[in-house]
Amino acid sequence: LFRERSAFSQSVQRSDTLMRFSYRWLKEWVDIEVDTQTFADTITMAGLEVDSIEPAAADFSGVVVGEVIDIQPHPDADRLKVCQVDVGQAEPLNIVCGASNVVLGMKAPVALIGARLPGIKKLKASKLRGIKSFGMMCSAEELGMSTESEGLFVLPADAANGQDIRDLLQLDDDCIDVDLTPNRSDCLSISGLAREASTLFEASYRPVEIDPVPAETDTILDVHVEDTAACPRYAGRVIQDIDAAASTPWWIVEKLRRSGIRSISTVVDITNYVMLEIGQPMHAFDLDRLHGGIAVRRANENESLVLLDGKTIDLSSDTLIIADQEGPLALAGIMGGEASGVTEKTHSIFLEAAFFDPDQLSGQARHYGLHTDSSHRFERGVAYTLPEQAIERATHLLKSICGGRPGPVVDITEPDKLPSRTPITLRLHKIHEQLAHPISQEDISRILKNLGMTCDLHRDGWKVTPPDFRFDIQIEADLIEEIARVYGYNRLPSQTQKLELLPSARNCNISFAHRCQEILIQRGYHEAVTYSFIDESLHSLFCPDQPPIRLKNPISDSLGIMRGSLLPGLCQAVGFNCNRQQTDIHLYETGRQFTTKSDGSIEEIPVLAGILTGLRDPQHWDTGSEPADFFDAKSDIEALINESNRAMPRFQQATRPGFHPGQCARITSADHDKITLGWVGKIHPTVARQIDLPENLYFFELYLEELREQDLTHFQPLPRFPTVSRDLAILADQHLPSDELLDTLRQTAGKKLVDCVIFDVYRGKNIHPGQKSIAIRLTFQDFSRTLEEEEINTIINEIVNQLEVRNGAKLRD
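Right, here's the structure in full:
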């Protein structure tokens, strides 16, 4: 179920989805006594998947607290010192040490003779440059508590000499990594995990008491929230006269380390600790480096910010920032700026805690290539009730560690913009129906209340209001899922689900689309599935007349626009194949394209599209190797439209952005030329070269809603009477579309014309320049009698007359 335990806990790069925590820390908040493995199994079965369990420290022994009571230089080595170390025994130990930070009076871990350390089975007395050493003072790295360290591990001054380090630092602990799904942001804190554990184990939940810290000064900082939709609540407090150089207590450093966060400085450590403890990200500004008040606003054009990591970013106008009178101070909810950061010389700070709307903040960190603990939480949702609690908790810790005089808490809240929770109707019979298992009303009420929900009895169930920290619970099915996972999936009996199978109407649209796909596959096409998002440059190339529909939170900058056509995606698929030496390509795709209607709403249009280039058919010794052309695409379209029981469509010459003007047609209904069924054409060679595609590239798209099946096919007996064929050679203008000639033929001949086919087109000798000769075979038949020669001649004469009148075409001599 879990990865193999490592030899000791290390500072590793955490997965974006993992919440790492100390099991001992968790048990300070909830009264559970089960072992780590049982705990991990239980929460995994409840949906909080444990990814790994690691010991909090290496498996060492024989290491105690030692106090340096004397230091003398080594007579034969400049970098070594001879120390007398009190380890609680009758006599101090003589230990030779090379650490640069060893000072008189300090306390550090001392490995006694016989101690077992990582990489050392048994420590022995040794001589260093002629002087005996009866132990070893250790760094955190030598104890397996860090992958890097500078000098000795400094222990608290009040630690008892001789006390076992494992007892002092409570190292008999496990670090647990939970792989949280994005909807469980409430478990990105010890308090949230403890609340969850108390429900699963029916144990007492013991949250830390957070009492208001009285103000000792009247100093406040003016705060102005310009974008209240993005930041409905902003809390802050000035704390003056702090000692920023004070050391972070070992218990905070250890809890941070076991959560995968390294100690930086006391103020930063405290804000990180509060974030891990109750789930509210915080930030501290150096008050003396601020100019004027604080503003929460969108960035202006041409503004930039140097972040705490030294990286300079150019801000886009939709980025939410924290600023003062001189410019940006921090990326809101992501990372602070270097100019206002807290240092050891800081004397006064401004503490910040806010609620940022997840939808407004989503994607901003990724836009700048960042991912921080703060952005991870804010993007998923942080309870809007936490900012003031976080300010009070951080103030209490700062006062007790760094001193200082706090001012009043400034809390700016826009109640109408805060998330509201609507009661959800939960029906008892629906629970039993979905889970196929009866759970008592008492058990259901207890589970919901333990999850922090407000429940009121209502008819056949309850009116349930989710707590402010559960953003993911929106509908009845969410509540039923919560009941099932807390009750225990393993307690629900396995049984075959019984469904009532009722006759349903045939969905003609779906079946028609499936048959169209089968036709294209039979004609040599392969299915492609492309993104519904495209690059803006491709949208401008093929859909310049459509206003782009921009995504608020794009996967990447090159996928920021909803596609207005399937063409850009298919073009990219062709390019992908061409780059892998595939030149004969026939692809199709069914999907939706998106356009903006006149009222501003977005319309989704189901489309079947195809693209082809290269040879018409696979190369074979018995066949030619003709390249695909416009008429291949046209033939494929006719095969598809024939499947819808429609009359053959008309192909009207038209223009469209990105297409060759002489080889582009709008496909219209045979009986209504204002109904557009789709488009077909050749991609303009210039456009094809611009995007590195073959110049011989053809595309078609059909609108599936317009091609819905017509009336069901009507069958009739096989004809008993013979057909009669006539061939006509027509002279017409070379630019006259053949469809116009065929329309005239069909309308004039009437129902007795059962087929007409163009079998030859000729230009050249004996044909006037600017004209072409078109050979057409006409097939006549009557289903009730044999046609007479005279009536066929009459029809032919009328056809020839109408061709000249309507189309300016004449019978060739």
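Residue numbers 321 to 1133, in the numbering used here, belong to the letters of the sequence shown in order.
Backbone N, C-alpha and C fix where the C-beta goes; we use that ideal spot for every residue, glycine too.
The alpha carbon of residue 606 has as its nearest neighbour, out of 761, 623 and 670, the alpha carbon of 670.
DSSP, reduced to helix, strand and coil, places residue 719 within a helical segment of the structure shown. Fewer than three beta-carbon pairs drawn from the region 685-692 and the region 569-584 are found closer than 8 Å, and the two stretches are therefore not classed as touching. Between the region 383-394 and the region 402-421, the count of Cβ pairs shorter than 8 Å is three or higher; the stretches touch. Looking at the DSSP output, residue 913 shares a beta bridge with 925. In this structure, DSSP gives residue 622 a state outside helix and strand, which the three-state scheme calls coil. Here the alpha carbons of residue 948 and residue 750 stand approximately 58 Å from one another.
The secondary-structure analysis by DSSP pairs residue 1093 across a beta bridge with 1051 and 1082.
Here residue 678 carries a helix assignment [DSSP, helix/strand/coil]. The C-beta separation of residue 773 from residue 673 comes to about 25 Å, leaving the pair out of contact by the 8 Å criterion. Within 10 angstroms of the beta-carbon of residue 1077 lie fewer than 16 other beta-carbons, which makes it exposed. One Cα belongs to residue 340, the other to residue 586, and the distance between them is close to 21 Å.
By alpha-carbon distance to residue 471, the top candidate from 488, 421, 438 and 506 is 421. Inter-segment contact for the region 580-594 and the region 511-523 is absent: fewer than three beta-carbon pairs are separated by less than 8 Å. The secondary-structure analysis by DSSP pairs residue 433 with nothing; it has no beta-bridge partner. Residue 492 sits in coil when the DSSP states are folded into three classes, being neither helix nor strand. Inter-residue distance for residue 474 and residue 428 is about 5 Å (C-alpha atoms, whole angstroms). Across the set 656, 700, 1006 and 1052, the C-alpha of 700 shows the shortest separation from the C-alpha of residue 501.
Among the bridge pairs identified by DSSP, residue 560 is matched with 725. Judged by DSSP secondary structure, residue 1065 falls within the alpha helix (DSSP H) whose first and last residues are 1058-1069. Distances from the alpha-carbon of residue 852 to those of 1069, 840 and 892 put 892 closest. Of the candidates 980, 1051 and 942, 980 places its Cα closest to the Cα of residue 1016. Counted as a single uninterrupted DSSP element, the alpha helix (DSSP H) harbouring residue 693 occupies residues 693-700. Pairwise C-beta distances place the region 433-449 out of contact with the region 483-499, as fewer than three of them are shorter than 8 Å. Here the alpha carbons of residue 726 and residue 535 stand approximately 5 Å from one another. Counting of Cβ neighbours within 10 angstroms places residue 666 among the buried residues, the total reaching 16 or more. Distance from the CA of residue 1067 to the CA of residue 1126, rounded to the nearest whole angstrom, comes to 12 Å.
Here residue 455 is not near residue 561, since their CB atoms are 8 Å or more apart. By a beta-carbon distance limit of 8 Å, residue 973 does not contact residue 990. Their separation comes to about 16 Å.
Separation of residue 785 and residue 963 (C-alpha to C-alpha, rounded to the nearest whole angstrom) is 53 Å. When DSSP assignments are scanned along the region 965-1017, the uninterrupted stretches of alpha helix (DSSP H) that are 4 or more residues long and fall wholly within it turn out to be 1005-1010. Rounded to the nearest angstrom, the gap between the Cα atoms of residue 644 and residue 615 is 6 Å.
Cβ neighbours of residue 1116 within its own chain (closer than 7 Å, five residues either side excluded): 1046. Counting every other CB atom within 10 Å of its CB across the protein chains shown gives residue 462 a total of 16 or more, marking it as buried. A buried status is given to residue 554, since no fewer than 16 other beta-carbon atoms sit within 10 Å of its beta-carbon. Close CB contacts of residue 806 within its chain, under the 8 Å cut and outside five residues either way in sequence, are with 366, 519, 520, 767, 770 and 771 (chain order).
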